[in-house]
Structure formats: structure tokens, C-alpha cells
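K.L.:
2 protein chains.
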Amino acid sequence: MYRLPEDPSQINGNVFHNDCPARFLLSKIASKWSLLTIDALDGRPKRNGELLRQVEGISQKMLTQTLKDLEKMKIVVRVDMKTVPPHVEYHLTFKGKELREKICSLDRWVEDNMLELIVGHSDLSLIS
Amino acid sequence: MYRLPEDPSQINGNVFHNDCPARFLLSKIASKWSLLTIDALDGRPKRNGELLRQVEGISQKMLTQTLKDLEKMKIVVRVDMKTVPPHVEYHLTFKGKELREKICSLDRWVEDNMLELIVGHSDLSLIS
DNA sequence: CCGTATCCTACCAGATACTG
DNA sequence: CAGTATCTGGTAGGATACGG
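Protein sequences, first through last, are from chains L and V. Take any residue in the first sequence, count from 1 to its spot, add 4: that is its number in the working numbering. Take any residue in the second sequence, count from 1 to its spot, add 4: that is its number in the working numbering.
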């Protein structure tokens, strides 16, 4: 549980500070599945099933939870077409698109440098 | 535990793939304390105690663990002056500096947008 | 000053089953 | 199709004590 000061408009973010909301938000944004979900929202809006397939290994539960967190932060918007069968789309907001650039920059860097980064990890075996 | 394909030099990173090493590496790099520790390594090398004070709330255990992980990935280098009392410095490598830019970009964005991101979180109380 | 080594717990997240 | 609900094990990480 985090506490905000009396007048939030006066504080400027500082992730190094224990009680700064930025730290809480960062932990949500930089979580394992959040990073991948935001990355997956490339260009066009995506549906629940699409994301489930694209982000390999994510469970329905974690996808829902992640999307709800992102929605709270106004990073994504949930658009329910109110049809039957259900058709729901998840859109990145303007802020979401801003954020996605930062995240993709990080993700692509890790992918590009993968082989050099992994050398120290002898615990990653080569066996089947 | 993650498994690498027989010939790692042939694979190109893809964080969306379940068994891609990039996903494992990303989880290490984007962990709560890793994000803050790398950010804290600004410009000059830092000592254990400095980092402990700068990254509020981190424990000695987690700092050590985080730095070891980063060292494995050649993101930081541990320089032991072999003096008594001990003097140890942690330096960012070239790759580390590259990575730090991405991370700082993310951290600063979260800080700058903190107040707008937090509105949906009614669970963050204003009381003392 | 810079760490290790243990113990211990809260929470994360996977598995599974059910619903409009 | 797009979720919810519940149970449960594993583990991240805090607290504490000790060591070179």
C-alpha cells in the first residue's frame, strides 16, 4: 500500500524515493506481462484472443489482470462492441503510444543483444 | 529453467516466444531493483554503500543479487580495490550505458506522467 | 566497508473449472 | 468469444545474524 502526500500536484516524481507513486507505477508498467502486452499492441487494436496467442505463455487470468492495470493508468482503452458473441478490442491511448516507444526500444535492445548478454548464464543449459 | 536451441547463433531474439532467452533476460533487466540500480549508475561508478543509500528501500541482499545478475550479463563490472577496509566500485560497461539510456527514458517518462497515470488508482489513499 | 548465510512469509501467478 | 472464481505451490524478497 502506497501513500500520497496531501497535495500531489506539488510533488515531482522520483523513482529512487521509497514512497513515490512513480515507483509503484513503474512496477506495474515494467512487469513481465505488461512489457509484452504493450509491445504486442502494435499499430492496430487487438482482441483478447489475439493477445492471448501473440504473447506466448500468458494465461487468460494474467492477460485480463494486466489489461485492467493498464486501463487504470489510461495506457489502454477497452472497447466493448456489445455484440454476441462478444467482441472486445484493446486500444493504446496517446499516452500508451508514447510509453510503447520506450518499451519497444528496451525490448528490441534486449533481443538484439541477447547472445552477448547470455554468455554468463551457464545455468541456461543447451540440452533438450 | 530455460533451454537454448542447439545453435544459438542462428536464432534471432523474440520476446513473444516462450522459450526465447530474450524473455528471461528481459525479466532480469526489467526487475524492480534492476531498473533502479542501473538508473542509479549515472555517470560515475558507485560503491555498494552509495547505491544502498540512493536506491531507497533496497536491502543489501537484493542489491548484491541484482548486481551479480547484471555482472553476469556484462552490464556492470565489479572493481575490487583490494584494500582494507574494502573498497568496491561498480561500473557500467559500454553495453550497460546503452541499456541505461533506454531504462532512464522509461523511468523519466513514468515520473513525468505520474500524476496522470495514478488517477485510476483509488486504492492509493491520500491519508498519512 | 562489503558482503554471506539462514530462516520465514506474503504474494504472484499457474492450473482448473465455471459463466454470459 | 471473453472473461470470472477459487485453490494452491513456488519463490521473490524482507529480517536477522554472522564474517573477512
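Note that CB positions come from ideal geometry on N, CA and C, so glycine has one too. Keep in mind that this is a model prediction, so the values were computed, not measured.
#1: Pop quiz: V/V81 and V/L45 are said to be a contact at Cβ under 8 Å. What is the actual Cβ separation, rounded to whole angstroms?
#2: Closest by CA to L/L74, which one among L/E60, L/H95, L/L119 and L/E105?
#3: Quick one: does L/L110 have its CB under 9 Å from some CB of chain V?
#4: With C-beta atoms as the reference, is V/D43 less than 9 Å away from V/D111?
#5: Report the rounded CA-to-CA distance for L/I122 versus L/P90, giving the unit in angstroms.
#6: Within its chain, find whatever has a CB closer than 8 Å to the CB of V/N98; leave out the 5 residues flanking it on each side and keep chain order.
#7: CB L/F20 to CB V/Q64, shorter than 9 Å?
#8: What residues are listed by DSSP as bridge partners for L/R82?
#9: With H, G and I counted as helix, E and B as strand and the rest as coil, what does DSSP make of V/D23?
#10: By DSSP, does L/R104 sit in helix, in strand, or in coil?
#11: Taking Cβ positions, are V/V92 and V/N52 nearer each other than 9 Å?
#12: Find the residues of chain V that neighbour L/H125, judging by a C-beta separation of less than 7 Å, and give them in chain order.
#13: Taking DSSP as the reference, what is the three-state secondary structure of L/D73?
#14: Per DSSP, what kind of secondary structure is L/R48 in: helix, strand or coil?
#15: Are the C-beta of V/S139 and some C-beta of chain L separated by less than 9 Å?
#16: From the DSSP output, in three-state form, read off V/V88 for me.
#17: When the Cα atoms are used, what is the spatial distance from L/M77 to V/M118?
#18: Identify the contact partners of L/D116 in chain V, using a Cβ-Cβ distance below 7 Å as the criterion.
#19: For a contact meaning CB atoms closer than 8 Å, what does V/Q58 contact in chain L?
#20: Near V/L130, what residues of its chain come up, given a Cβ to Cβ distance below 7 Å and the 5 sequence neighbours on each side ignored?
#21: Would you identify the three-state DSSP class for V/S63, choosing helix, strand or coil?
#22: Any idea what DSSP makes of L/N117, helix, strand or coil?
#23: With DSSP as the reference, label L/I122 as helix, strand or coil.
#24: Answer yes or no: does any C-beta atom of chain V fall closer than 9 Å to that of L/D84?
#25: Taking Cβ-Cβ distances shorter than 8 Å, what residues in chain V pair up with L/D43?
#26: In three-state DSSP terms, what is L/S31?
#27: Ignore the nearest five residues each way along the sequence and tell me which others in V/K32's own chain have a CB closer than 6 Å to its CB.
P.N.:
Answer, in terms of the structure:
#1: The residue given as residue 81 of chain V occupies position 77 in the second sequence. The residue given as residue 45 of chain V occupies position 41 in the second sequence. About 11 Å separates the two Cβ atoms, so there is no contact after all.
#2: Your numbering for residue 74 of chain L matches position 70 in the first sequence. Proximity to L/L74 across L/E60, L/H95, L/L119 and L/E105 peaks at L/H95, based on C-alpha coordinates.
#3: Along the first sequence, one-based indexing puts residue 110 of chain L at 106. So, interface residue.
#4: As a position in the second sequence, residue 43 of chain V is number 39, starting the count at 1. As a position in the second sequence, residue 111 of chain V is number 107, starting the count at 1. Yes, they are a contact pair.
#5: Position 118 of the first sequence holds residue 122 of chain L. Position 86 of the first sequence holds residue 90 of chain L. Spanning the two alpha carbons is a distance of roughly 43 Å.
#6: Residue mapping note: residue 98 of chain V aligns to position 94 of the second sequence, counting from 1. Correcting the residue identity first, residue 98 of chain V is Phe in this sequence and not Asn. Correct list: empty, nothing qualifies.
#7: The residue you call residue 20 of chain L lines up with position 16 of the first sequence. The residue you call residue 64 of chain V lines up with position 60 of the second sequence. Cβ atoms of L/F20 and V/Q64: not closer than 9 Å.
#8: By 1-based counting over the first sequence, the position of residue 82 of chain L is 78. According to DSSP, which records beta bridges pairwise, L/R82 is partnered with L/Y94.
#9: Taking the second sequence and counting its residues from 1, the one referred to as residue 23 of chain V is at position 19. Coil.
#10: Taking the first residue of the first sequence as position 1, residue 104 of chain L is located at position 100. It is helical.
#11: The residue you call residue 92 of chain V lines up with position 88 of the second sequence. The residue you call residue 52 of chain V lines up with position 48 of the second sequence. The answer is yes: Cβ separation under 9 Å.
#12: Counted from its first residue, the first sequence places residue 125 of chain L at position 121. The answer, in chain order, is K76.
#13: Reading the first sequence from its first residue, position 69 is the one you call residue 73 of chain L. The answer is helix: DSSP assigns L/D73 an H, G or I state.
#14: Residue 48 of chain L sits at position 44 when you count from the first residue of the first sequence. In this structure, L/R48 counts as coil in the three-state DSSP scheme.
#15: Nothing can be reported for residue 139 of chain V: it is not among the residues displayed for chain V, which extend from 5 to 132.
#16: On the second sequence, position 84 is the one that residue 88 of chain V refers to. Of the three classes helix, strand and coil, the one that applies to V/V88 here is coil, per DSSP.
#17: As a working note, residue 77 of chain L is residue 73 in the first sequence. As a working note, residue 118 of chain V is residue 114 in the second sequence. Computed Cα separation, rounded: 9 Å.
#18: For this step, residue 116 of chain L is matched to residue 112 along the first sequence. Near L/D116 (Cβ distances below 7 Å), the residues of chain V are G17.
#19: Counting from one through the second sequence, the residue named residue 58 of chain V turns up at place 54. Within chain L, the C-beta atoms nearer than 8 Å to that of V/Q58 come from F20, in chain order.
#20: Reading the second sequence from its first residue, position 126 is the one you call residue 130 of chain V. In this prediction, V/L130 has a pLDDT of 39, which is less than 50 and means its spatial position is unreliable; what the coordinates show is noted afterwards. So no residue of the chain qualifies.
#21: Start at 1 with the first residue of the second sequence, and residue 63 of chain V comes out as number 59. Three-state DSSP puts V/S63 in coil, outside helix and strand.
#22: To locate residue 117 of chain L, count along the first sequence from 1; it is residue 113. Residue state, collapsed to three classes: helix.
#23: As a working note, residue 122 of chain L is residue 118 in the first sequence. The answer is coil: DSSP assigns L/I122 none of H, G, I, E or B.
#24: Against the first sequence, residue 84 of chain L aligns to sequence position 80. It does not: the Cβ of L/D84 has no partner Cβ on chain V nearer than 9 Å.
#25: For the purposes of this step, residue 43 of chain L is taken as the residue at position 39 of the first sequence. Within 8 Å Cβ-Cβ: V19 and F20.
#26: The residue labelled residue 31 of chain L in the question sits at position 27 within the first sequence. L/S31: helix per DSSP, three-state reduction.
#27: Counted from its first residue, the second sequence places residue 32 of chain V at position 28. Correct list, in chain order: D73.
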